[in-house]
Amino acid sequence: MIYKCPNCNGALEYDPVTDKLLCSFCGNGYSIQEVEGQTFRAQESISEIKEEINIEEEYGAESETMECQIYTCTSCGAQLMVKDAEVSTFCAYCGQPTIVFSRVSKELQPDYIIPFKFGKEQAIAGIRQHLKKGFLVPKAIKNFEVEKVRGIYVPYKLYDIYYHDRQIMMATHREKNISKNYVYEAEGEYENVMLDASDTLDDETTKRLEPYDLRLLRDFEPTYMSGFYADRADTASDAHKSRVVKRVGKMFDSEAKEDVSFFAGPVTKVLESNPNYEIKKDKYALLPAWFLTFRYQNEPYTILVNGQTGKVVGTVPIDKKKIITLAILIALLSSVAFYFIWYFVFNAMRLDGADGMVVWGIVFGVMAAAVTAFYWVGIRKIKAYKKSMMRTKSQKTVSYVKDRQDEN
């Protein structure tokens, strides 16, 4: 379905800033309600149809569907849904110019959507502002040139779940230092537990995009997709439900341990757990994200921006020269502090003999502990940085973005 401008017959695209559909040719804008009128719609007939999904068999006879053009990347196999005439030749996932029309398909229509709240330029500005705050970020990255940028609706499933568990936990009493077993039984209703429904996009990446304000969900209207891409919901139903139950279980366990720790003391072990649950409802929603790709030292990096909140997700290389300079500076400051303690404390107080040895041992122990803690925190951050960097450079993420991206 393509939405045409009644003034010049140009294609209309949804504009997040004005919450209207704008014509890029004559500049006229129309509200969603106006565009939903029949005079704005024009069916596009495409003769090449290679495959038709049997929607009744896959989703049930009562499921609402929508007709979409499916484009496939011949390089990585990614599949994208498009609701309007505009199609990028670049794959939003792998960045290769290998996007070709595959078929017209009936797809399960989403129940809800959160429209983009800001445009491409604001997304780019938000990333630049975010990178400027990084002391260790190289100057060349702070002044990056955009290679591709594209707004993509990521498919999510929202689950309402009833969860009950009876657990036996071992907790240590704070004052008496005695371990006892406690029985904890509770139940809860969890609403709108969200999981991405795309196998192509890395799960950890979508987790970092959260949270979305689900109170602002709107009933799905195809007009919101005009000018944007949407990924297909392709995660197997059983696997998806298993993941969401596991996620709710972790939330329940965390709350249970917090409750027991409050009145009994820190929980050291969960001895027994007997959960049961019921998935009461699942909903299909499209949530917005901007994907921006740039190159640094001939390597592609993909930064994501939550299309509702503006949250920036992604890790970039750090300046090794700045790290070395910082390490030298810390070493110098530590040396000065050590000299200050030795000269002023020991000489001024004239500590010697056994007293001097005791004080010296305490000072040395404190400094050794501080240095050890500093390196331990640093090592953990380096490991987290490397994992995040792998996601930013991930071929899987680049592949996700490729057929939805335009040249800036």
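Its first residue numbered 2, the sequence shown is counted upward by one per residue in our numbering.
Where is the CB? At the ideal position from N, CA and C, for every residue including glycine.
These figures come from a predicted structure and were not determined experimentally.
Out of S262, S336 and K282, the CA that lies nearest to the CA of H174 is found in S262.
By DSSP's assignment, Q168 forms a beta bridge with Y185 and S274. Taken atom to atom, the span from the alpha-carbon of E259 to that of S25 is near 55 Å. With a contact defined as Cβ atoms closer than 8 Å, I125 and V150 qualify at about 7 Å. Just so you know, the alpha carbons of G189 and M195 end up roughly 17 Å apart. For R151, the pairing in a beta bridge is given by DSSP as F292.
Taken atom to atom, the span from the alpha-carbon of L217 to that of P116 is near 9 Å. Taking 8 Å as the cut-off, the Cβ atoms of I331 and I128 do not count as close. Ranked by how close their Cα comes to the Cα of N277, the residues K133, F253, W291 and L333 have F253 in first place.
Taking L288 as the centre and dropping the five residues before and after it, the same chain places the C-beta of I115, V155, Y157 and Y213 closer than 6 Å to its C-beta, in chain order.
By the Cβ-count criterion, Y340 is exposed, with fewer than 16 other Cβ atoms from all chains shown falling within 10 Å of its own Cβ.
In the DSSP annotation of this structure, the continuous segment of the beta strand (DSSP E) that includes E300 starts and ends at E300 to N307.
The C-alpha of I169 is placed about 5 Å away from the C-alpha of E273. Here L202 is buried, its C-beta having at least 16 other C-beta atoms within 10 Å.
Excluding its 5 nearest sequence neighbours in each direction, D235 has C-beta neighbours in its own chain below 6 Å: D200, listed in chain order.
Classified as buried, F119 has 16 or more neighbouring CB atoms from the shown chains inside 10 Å of its CB. Residue state for T206 is assigned as helix, using DSSP reduced to three classes. Annotated as distal: F229 and G315, with beta-carbon spacing of 8 Å or more. L334 carries a helical assignment under DSSP once its states are collapsed to helix, strand and coil. Ranked by Cα distance from Q110, the first of P318, Y225, E256 and V317 is Y225. Counting the other Cβ atoms within 10 Å of the Cβ of R219 gives fewer than 16, which makes it exposed. By the neighbour-count criterion, in which 16 or more other beta carbons inside 10 Å mark a residue as buried, L333 falls on the exposed side. Closest by C-alpha distance to R248, out of N193, S227, Y183 and W291, is N193.
DSSP lists A172 as the beta-bridge partner residues of V268. Rounded to the nearest angstrom, the gap between the Cα atoms of Y15 and K312 is 21 Å.
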